[in-house]
Amino acid sequence: MQRTYEEINTKIRSGKAVIVTAEEIIPIVEEKGIKRAAEEIDVVTTGTFGPMCSSGAILNFGHSDPPIRMQKVWLNNVEAYAGLAAVDVYLGATQPSESQEMEYGGAHVIEDLISGKKIKLKAISQGTDCYPRREIESYITKESINQAVLFNPRNGYQNYNVAVNTSDRKIYTYMGILLPHIGNANYSTSSQLSPLLNDPQFRTIGIGTRIFLGGAQGYIAWEGTQFSPQILKDEEGKVIYKGGTLAVIGNLKEMSTDYIRAATFKGYGVTLVVGIGIPIPILNDEIMRNAAVKDEDIWTEIIDYSFPHLIKPSLGRVNYKQLREGNITIRGKNVPTSPLSSYAKAREIAQRLKEEILRGKFLLQEPIRKFTEESKLKPLLEKR
Amino acid sequence: MIKKKVILNFSPENVERPVTYQLIKKYDLWVNILQAKFEPKLGGKLLLELNGSEDQIKEGLSFVRQIGVEVMLLEQEVLWDEKRCIDCGACVSICPTGVLSLDQMTYKLKFDYEKCIVCGNCVEACPLQAIKVTF
Ligand code: SF4
Ligand code: SF4
Numbered sequence: 017m018q019r020t021y022e023e024i025n026t027k028i029r030s031g032k033a034v035i036v037t038a039e040e041i042i043p044i045v046e047e048k049g050i051k052r053a054a055e056e057i058d059v060v061t062t063g064t065f066g067p068m069c070s071s072g073a074i075l076n077f078g079h080s081d082p083p084i085r086m087q088k089v090w091l092n093n094v095e096a097y098a099g100l101a102a103v104d105v106y107l108g109a110t111q112p113s114e115s116q117e118m119e120y121g122g123a124h125v126i127e128d129l130i131s132g133k134k135i136k137l138k139a140i141s142q143g144t145d146c147y148p149r150r151e152i153e154s155y156i157t158k159e160s161i162n163q164a165v166l167f168n169p170r171n172g173y174q175n176y177n178v179a180v181n182t183s184d185r186k187i188y189t190y191m192g193i194l195l196p197h198i199g200n201a202n203y204s205t206s207s208q209l210s211p212l213l214n215d216p217q218f219r220t221i222g223i224g225t226r227i228f229l230g231g232a233q234g235y236i237a238w239e240g241t242q243f244s245p246q247i248l249k250d251e252e253g254k255v256i257y258k259g260g261t262l263a264v265i266g267n268l269k270e271m272s273t274d275y276i277r278a279a280t281f282k283g284y285g286v287t288l289v290v291g292i293g294i295p296i297p298i299l300n301d302e303i304m305r306n307a308a309v310k311d312e313d314i315w316t317e318i319i320d321y322s323f324p325h326l327i328k329p330s331l332g333r334v335n336y337k338q339l340r341e342g343n344i345t346i347r348g349k350n351v352p353t354s355p356l357s358s359y360a361k362a363r364e365i366a367q368r369l370k371e372e373i374l375r376g377k378f379l380l381q382e383p384i385r386k387f388t389e390e391s392k393l394k395p396l397l398e399k400r
Numbered sequence: 017m018i019k020k021k022v023i024l025n026f027s028p029e030n031v032e033r034p035v036t037y038q039l040i041k042k043y044d045l046w047v048n049i050l051q052a053k054f055e056p057k058l059g060g061k062l063l064l065e066l067n068g069s070e071d072q073i074k075e076g077l078s079f080v081r082q083i084g085v086e087v088m089l090l091e092q093e094v095l096w097d098e099k100r101c102i103d104c105g106a107c108v109s110i111c112p113t114g115v116l117s118l119d120q121m122t123y124k125l126k127f128d129y130e131k132c133i134v135c136g137n138c139v140e141a142c143p144l145q146a147i148k149v150t151f
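Written out as structure tokens, the structure reads:
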């Protein structure tokens with residue numbers, strides 16, 4: 017079976033496209049097989065809703081009179097990077113507030129902007145001949161400023177470790193609180209619903225792909241930072257796909273706090289919980305096979321986060337079916353699990369994306385360019 | 017009638033005493049055992065909900081103290097802000113009493129308040145600050 021983007025979009029426009037979520041496809045393929053499913057289904061929708069630290073927003077405030085060339089900028093006391101043109105900033109999600117520290121940060125400003133709240137702006141400058149002003153304090157909202165664009169350099173991690181702690185003290189990590197002596201195990205993907213696990217070799221996902229981003233329509237801007245897809249196979253033939261990431265962009269003004277949230281991991285810091293959904297066009301049987309992947313066939317590694325170095329020891333492998341049941345066995349011990357990434361929300365996003373496509377509101381965009389395939393992760397070496 | 021949640025801490029010496037029986041029989045209390053954890057030589061812990069008049073509860077608990085069992089009153093309660101909650105499950109694996117779980121059908125958070133001992137673990141684990149302890 018072969019199908020083109022144009023054929024799918026024509027069907028979407030005429031209301032004839034058949035669309036299911038990455039969860040709904042599983043029993044269909046089990047019952048009918050890959051070939052028949054591929055003939056019947058045009059699009060599979062995916063979703064994920066998890067903490068994604070490498071996120072932020074580009075904002076343009078417009079010019080005041082007299083004008084100022086903003087050199088340092090704070091929004092609700094959270095510093096935004098102003099080393100761009102006069103009134104452009106990049107607000108990073110993890111930047112902590114200067115007055116409330118970890119309780120509030122860039123992610124919270126983003127959430128407040130989306131929900132339409134007033135944000136306090138403060139900027140200072142040395143003053144120049146063309147921009148004489150040295151200081152400004154004002155209030156902005158998403159409606160009062162020119163652009164508010166969410167641009168996240170690394171989102172949608174393909175797969176992630178399971179984090180545990182073998183030490184004898186509780187540790188606070190970006191994978192949540194880890195109890196001593198492997199007291200719990202935290203993981204963070206939407207597994208069988210996750211975009212990059214349903215198209216693990218990037219056959220349809222590339223630069224220019226239209227996506228669901230925070231409730232709005234956004235795009236994949238580039239491969240994500242640290243993009244380094246790997247396919248690992250162990251002796252028993254278990255396959256682990258990992259390392260794929262996405263840089264995404266979209267209009268923050270159109271987003272909804274149902275699908276973008278600020279969060280604080282105690283002892284670690286502020287982060288942004290981002291909702292992403294990607295439609296996978298079923299162009300051939302191979303793409304269908306990949307999109308039908310299920311939790312028991314997606315494996316990941318259990319990693320000891322108490323080890324303070326970059327390369328941490330592995331305590332074995334586990335699949336997402338086991339993780340999702342709420343308990344796994346590590347070194348003979350029964351250990352409760354926590355997802356961190358919301359499966360309920362991932363499901364809601366895949367469902368919403370499906371409905372938007374069914375209503376003809378969301379057309380599929382063929383990638384303008386595929387990702388660079390050969391990409392190896394480089395460590396930072398300390399040189400003198 | 018009032019309700020009170022208490023934790024009774026038994027030592028190896030008093031672990032064999034029929035405390036709940038006495039609370040029911042002698043002090044006329046309704047006793048709901050929310051959780052029990054006993055180890056033969058180490059003692060144990062009982063999480064109870066007591067129903068009765070203020071005086072009955074007071075007297076019942078002073079009897080329990082007299083026989084050397086430590087009593088902890090759970091005055092606080094946890095508040096879960098369902099609207100703020102995103103069902104991420106970060107709180108699930110650190111709850112010592114299994115109060116928190118993700119429903120295996122909907123994957124939404126279930127909060128079984130009855131068993132809560134107000135330890136506060138979930139409060140610090142929730143990245144959305146959706147759980148608070150009241151005083
Ligand atoms: S306060 Fe403690 S016992 Fe109660 S729900 Fe939270 S973690 Fe569980
Ligand atoms: S950690 Fe907070 S947001 Fe996540 S499921 Fe628990 S209460 Fe909800």
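Going down the list, the sequences are from chains V and W. Going letter by letter, the first sequence gives residues 17 to 400 in this note's numbering. Going letter by letter, the second sequence gives residues 17 to 151 in this note's numbering. Think of the CB as a built atom: it goes at the ideal place given N, C-alpha and C, for glycine as much as any other residue.
Of the choices the options, whose alpha-carbon is the least far from that of residue i?
i, options, result
"Leu77 (chain W)", "W:Glu140, W:Asn30, W:Ile23", "W:Ile23"
"Ile314 (chain V)", "V:Thr345, V:Gln208, V:Ala164", "V:Gln208"
"Arg185 (chain V)", "V:Leu195, V:Leu356, V:Val34", "V:Leu195"
"Lys370 (chain V)", "V:Glu119, V:Ile227, V:Tyr21", "V:Ile227"
"Asp44 (chain W)", "W:Glu70, W:Gly59, W:Lys61", "W:Glu70"
"Ile156 (chain V)", "V:Lys48, V:His79, V:Arg385, V:Ser115", "V:His79"
"Cys132 (chain W)", "W:Gly105, W:Gln145, W:Asn25, W:Gln51", "W:Gln51"
"Gly342 (chain V)", "W:Val47, W:Leu125, W:Cys135", "W:Leu125"
"Gln120 (chain W)", "V:Arg385, V:Lys337, V:Arg368, V:Leu268", "V:Lys337"
"Asp311 (chain V)", "V:Ile41, V:Gln18, V:Ser71", "V:Ile41"
"Ile135 (chain V)", "V:Trp90, V:Gln142, V:Glu317, V:Ser115", "V:Trp90"
"Glu32 (chain W)", "W:Glu55, W:Asn67, W:Lys21", "W:Glu55"
"Lys377 (chain V)", "V:Pro383, V:Pro295, V:Ser71", "V:Pro295"
"Ser70 (chain V)", "V:Leu374, V:Ile193, V:Asn171, V:Pro329", "V:Asn171"
"Lys88 (chain V)", "V:Arg150, V:Ser354, V:Asp128", "V:Arg150"
Does the distance between the C-beta of residue i and the nearest non-hydrogen atom of ligand 4 fall short of 7 Å?
i, result
"Leu125 (chain W)", "Absence of ligand 4 is noted for the structure shown, with ligand 1 and ligand 2 being the only ligands found."
From which residue to which residue does the alpha helix (DSSP H) around residue i run?
i, result
"Val139 (chain W)", "137-141"
"Pro43 (chain V)", "41-56"
"Ile314 (chain V)", "Looking at the DSSP string, Ile314 (chain V) is not in any alpha helix (DSSP H), and its letter there is neither H nor E."
"Gly76 (chain W)", "70-82"
"Tyr37 (chain W)", "35-41"
"Ala307 (chain V)", "301-307"
"Arg277 (chain V)", "Segment 276-281 is the beta strand (DSSP E) holding Arg277 (chain V); no alpha helix (DSSP H) there."
"Val170 (chain V)", "It should be pointed out that residue 170 (chain V) corresponds to Arg in this sequence rather than to Val. Unbroken run through Arg170 (chain V) is the beta strand (DSSP E), 163-171; no alpha helix (DSSP H)."
"Leu339 (chain V)", "336-340"
Any idea which residues DSSP pairs residue i with across the strands?
i, result
"Lys88 (chain V)", "V:Ile140"
"Phe65 (chain V)", "V:Gly291"
"Pro148 (chain V)", "Answer is none; Pro148 (chain V) lacks a bridge partner."
"Phe228 (chain V)", "V:Gln233, V:Gly293"
"Leu95 (chain W)", "W:Lys148"
"Leu384 (chain V)", "Checking the displayed sequence, the identity of residue 384 (chain V) turns out to be Ile instead of Leu. In DSSP, Ile384 (chain V) forms no bridge with anything."
"Lys349 (chain V)", "V:Ile346"
"Ile135 (chain V)", "V:Ile156"
"Arg100 (chain W)", "Answer is none; Arg100 (chain W) lacks a bridge partner."
"Gln18 (chain V)", "V:Asn300"
"Ser330 (chain V)", "V:Ile319"
"Pro112 (chain V)", "V:Gly121"
"Lys126 (chain W)", "W:Ser117"
"Val59 (chain V)", "V:Ile35, V:Pro297"
"Ser354 (chain V)", "V:Asn202"
Specify, as a first and last residue, the run of the beta strand (DSSP E) that residue i falls within.
i, result
"Ala33 (chain V)", "Looking at the DSSP string, Ala33 (chain V) is not in any beta strand (DSSP E), and its letter there is neither H nor E."
"Lys361 (chain V)", "That residue, Lys361 (chain V), is in no beta strand (DSSP E); its alpha helix (DSSP H) goes 359-374."
"Asn5 (chain W)", "Nothing about residue 5 (chain W) can be reported from this structure: the residues present for chain W run from 17 to 151 only."
"Gln217 (chain V)", "Segment: none, Gln217 (chain V) is in no beta strand (DSSP E) and carries neither H nor E."
"Tyr257 (chain V)", "255-258"
"Tyr21 (chain V)", "No beta strand (DSSP E) contains Tyr21 (chain V), which is instead part of the alpha helix (DSSP H) from 21-29."
"Ala73 (chain V)", "72-76"
Is the Cβ-Cβ distance between residue i and residue j less than 8 Å?
i, j, result
"Asn92 (chain V)", "Val125 (chain V)", "yes"
"Ile161 (chain V)", "Leu75 (chain V)", "yes"
"Asn202 (chain V)", "Leu326 (chain V)", "no"
"Ile130 (chain V)", "Ser272 (chain V)", "yes"
"Ile152 (chain V)", "Ile84 (chain V)", "yes"
"Ile298 (chain V)", "Ile57 (chain V)", "yes"
"Ile50 (chain V)", "Arg305 (chain V)", "yes"
"Ile365 (chain V)", "Gly266 (chain V)", "no"
Within the chosen definition, does the stretch 377-393 of chain V reach the stretch 36-53 of chain W through at least 3 CB pairs nearer than 8 Å? No, they do not touch.
The stretch 172-180 of chain V touching the stretch 209-217 of chain V, judged by at least three CB pairs closer than 8 Å: The stretch 172-180 of chain V, when compared against the stretch 209-217 of chain V, does touch it at the 8 Å Cβ threshold.
Can you confirm whether the stretch 102-116 of chain V touches the stretch 280-298 of chain V when touching is taken to mean that 3 or more C-beta pairs between the two stretches lie within less than 8 Å? Contact check between the stretch 280-298 of chain V and the stretch 102-116 of chain V: three or more CB pairs, one atom from each, fall below 8 Å, which counts as touching.
Answer yes if the stretch 66-86 of chain W comes into contact with the stretch 105-115 of chain W, meaning at least three C-beta pairs across the two stretches below 8 Å, and no otherwise. Taking one beta carbon from each stretch, the stretch 105-115 of chain W and the stretch 66-86 of chain W have fewer than 3 pairs nearer than 8 Å; the two do not touch.
Is the number of C-beta pairs between the stretch 33-53 of chain V and the stretch 251-263 of chain V that are closer than 8 Å three or more? Taking 8 Å as the limit for Cβ pairs, the verdict is that the stretch 251-263 of chain V does not touch the stretch 33-53 of chain V.
Three Cβ pairs or more, each shorter than 8 Å: is that satisfied between the stretch 228-244 of chain V and the stretch 134-149 of chain V? Because the criterion of three Cβ pairs below 8 Å is not met, the stretch 228-244 of chain V and the stretch 134-149 of chain V do not touch.
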